[in-house]
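Worksheet: the structure to be examined is printed underneath.
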Amino acid sequence: MSDPPLLQRVGMGYMARREARLGAGSTQVDPHHLDAAEQRALLRIQWRLVIEAALLGAASGLVCAFAELWADAELAPDPAAGLSGQARYWGWLGSIIGLASLVEVVLLYLESLRAVQAIARTTGTRLFVGPGDSQPSSPMSAALVRAALELPNPPPQGYAIDPLREVSRVRTVAVGLVYKAKIGLTSFVLKVLLRRVLGRAVLRAWLVFVGVPVTAFWNGVVALVVIREARLRAIGPSAARELVGRLDLDRARPAQVELVWRAVAATVVRTHELHPNVDAFMDALRRDLGPPPQDGLDDTARFLEQLAAAPREDQRPALRALAVAAVLDGKTTRDERRLVQEVAQVTGLAMPARALARLRRRFVNGRPLDAALLQALAPDEPAPAR
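The structure is reproduced here in structure tokens:
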């Protein structure tokens, strides 16, 4: 296994040192069960980070705006100066903007790391296996650091699954570029709209400040996404372990075991990544059922073919395992919903959308996960006509 990214290693080291200073927090057997006090504490952590991120964005935007005004007044190049004047202007302005952006990013990362660590301590989630353990073998701390720093999840290790098997690489790159360029695109659109509403003289005076609210807004949005994802990762592994026990799987039925593994692999392929919570779910399945098959595990068509030919006592556990894997990342994507429809069509078993949404809400909100939630996912009634 290759080493994790440098940024992840730095983040884990920072959290390990901070954990040592704070002292050991209380741990819980079931961090995914959140009481009212824990819910309120998590909301305080969430909105504090959102506000801090927005303020940092506004401050950075103001520094950049005033730097541009100063550069225009003091360093505006004389047309006769040629390239040297342009270089002096852009050198000073670029340096100030670059420094402001660097400080903003560093402070955002530090605040995000502190916030996700506070979430772990609030939920009673154990970050490190032992004192001073900041190695990549600490899956919880690694998952939370990746959430805080917006790092991608690593590819599956030990499973014959390619999450990108059914997705265009070009589409993946395009989506990533649009996401990274969100601030610039929003500023551009806002400037176009302002040109239609305001006069040119007014616009010229205030144009440099357009980026201030835009940066503050997107910083707040990203912080909200980060903190909610960190919360899911803090409570996910314990929920995954409980749900494996609720599935009532029969290890003595090899065909059922294989179907369950293929069902979970199909959700990984349809979400195009292995979420840490699904990874924890698969780890719990491995302990309960043994290792997964390696022959075409990520072949969704093969899974649907075997599922259609399987008896009901093997189909239901597979469908419920698929549902659990689909909700453990806190959302059900369009491709996952399409997979649920395909499963219902080939089996004749209903996968009620309301039951799936109820399971997702109960997990996300930290509520108890009883067996009735899973039993409602594959009842005896046939799927309704479409």
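Converting from the sequence shown to the numbering used here requires adding 1255 to each position, the first position being numbered 1.
For each residue, glycine too, the CB sits at the ideal point set by N, CA and C.
- Message: Considering only the alpha carbon of each residue, which of A1296, L1577, A1612 and N1620 lies closest to A1599?
- Response: For the purposes of this step, residue 1599 is identified with residue 344 of the sequence shown, where counting begins at 1. If you compare the alpha carbons of A1296, L1577, A1612 and N1620 with that of A1599, the shortest gap goes to L1577.
According to the neighbour-count rule (16 or more other Cβ atoms, all chains shown, within 10 Å of its Cβ), is N1620 buried or exposed?
Counting from one through the sequence shown, the residue named residue 1620 turns up at place 365. Exposed: under 16 other Cβ atoms inside 10 Å.
Practice problem: Can you have a look at G1316 and say buried or exposed, based on whether 16 or more other CB atoms are within 10 angstroms of its CB? | Solution: What you label residue 1316 is simply residue 61 of the sequence shown in a count that begins at 1. Around the beta carbon of G1316, a 10 Å sphere encloses 16 or more other beta carbons of the protein chains shown; the residue is thus reported as buried.
Please report how far the alpha carbon of A1342 lies from the alpha carbon of C1319, in whole angstroms.
Against the sequence shown, residue 1342 aligns to sequence position 87. Against the sequence shown, residue 1319 aligns to sequence position 64. So the two alpha carbons sit approximately 18 Å from each other.
Which word fits G1475, buried or exposed, when buried means at least 16 other C-beta atoms lie within 10 angstroms of its C-beta?
-> Translated into the one-based positions of the sequence shown, residue 1475 becomes position 220. Under this definition G1475 is a buried residue.
Check: What did DSSP end up calling L1357 once you bin it into helix, strand or coil?
Finding: The count along the sequence shown starts at 1 and reaches residue 1357 at position 102. When DSSP states are grouped into helix, strand and coil, L1357 belongs to the helix group.
Alpha-carbon to alpha-carbon, W1325 and L1462
Residue mapping note: residue 1462 aligns to position 207 of the sequence shown, counting from 1. Residue mapping note: residue 1325 aligns to position 70 of the sequence shown, counting from 1. Rounded to whole angstroms, L1462 and W1325 show a C-alpha spacing of 14 Å.
Could you tell me if Q1301 is buried or exposed, where buried requires 16 or more neighbouring beta carbons within 10 angstroms of its beta carbon? On the sequence shown, residue 1301 is found 46 positions in, with the first residue counted as 1. So Q1301 ends up on the buried side.
Between the C-alpha atoms of L1514 and Q1561, what's the straight-line distance to the nearest angstrom?
Position 259 of the sequence shown, counted from the first residue, corresponds to residue 1514. Position 306 of the sequence shown, counted from the first residue, corresponds to residue 1561. Within the model, the alpha-carbon separation for L1514 versus Q1561 is close to 7 Å.
*Taking DSSP as the reference, what is the three-state secondary structure of P1572?*
In the sequence shown, the residue the question calls residue 1572 occupies position 317. DSSP, reduced to helix, strand and coil, places P1572 within a helical segment of the structure shown.
Nearest by alpha-carbon distance to R1381: which of G1278, I1351 and R1299 is it? Indexing the sequence shown from 1 puts residue 1381 at position 126. Out of G1278, I1351 and R1299, G1278 has the C-alpha closest to the C-alpha of R1381.
Could you give the residue range of the alpha helix (DSSP H) that holds R1276?
Residue 1276 sits at position 21 when you count from the first residue of the sequence shown. Taken as a continuous stretch (DSSP letters only), the alpha helix (DSSP H) holding R1276 covers L1261 to L1277.
Classify R1571 as buried or exposed, calling it buried when 16 or more other Cβ atoms lie within 10 Å of its own Cβ. For this step, residue 1571 is matched to residue 316 along the sequence shown. Label assigned to R1571: buried.
ask   = If you scan the region 1499-1531 from start to end, which runs of the alpha helix (DSSP H) of 4 or more residues do you find wholly inside it?
value = Unbroken alpha helix (DSSP H) runs of no fewer than 4 residues, entirely contained in the region 1499-1531, are found at 1509-1526, following chain order.
For the alpha helix (DSSP H) that contains L1559, what are its first and last residues? As a position in the sequence shown, residue 1559 is number 304, starting the count at 1. Start and end: T1555 to A1564.
Nearest to R1589 (by Cα), restricted to the options R1622, M1537 and R1525 = Within the sequence shown, residue 1589 is the residue found at index 334, counting from 1. Residue R1525 holds the alpha-carbon nearest to the alpha-carbon of R1589 among R1622, M1537 and R1525.
Margin query: Under 8 Å, with one C-beta from each stretch per pair, do the region 1392-1401 and the region 1257-1273 reach the 3-pair mark?
Written below: Because the criterion of three Cβ pairs below 8 Å is met, the region 1392-1401 and the region 1257-1273 touch.
Item to check | Y1344 to A1314 span [Cα, whole Å] | outcome: Along the sequence shown, read from residue 1 onward, the residue named residue 1344 stands at position 89. Along the sequence shown, read from residue 1 onward, the residue named residue 1314 stands at position 59. Roughly 22 Å between the two C-alpha positions.
Helix, strand or coil for N1620 per DSSP?
Translated into the one-based positions of the sequence shown, residue 1620 becomes position 365. Residue state, collapsed to three classes: coil.
Looking at L1529: is its Cβ nearer than 8 Å to the Cβ of P1411?
In the sequence shown, the residue the question calls residue 1529 occupies position 274. In the sequence shown, the residue the question calls residue 1411 occupies position 156. Remark: C-beta atoms of L1529 and P1411 approach each other more closely than 8 Å.
Query raised in the report: Which whole-angstrom value is the C-beta distance of L1404 and S1367, which I expect to be below 8 Å?
Result: As a first step, residue 1404 must be located in the sequence shown, where it is residue number 149. As a first step, residue 1367 must be located in the sequence shown, where it is residue number 112. At roughly 7 Å, the Cβ-Cβ gap stays under 8 Å, so L1404 and S1367 are in contact.
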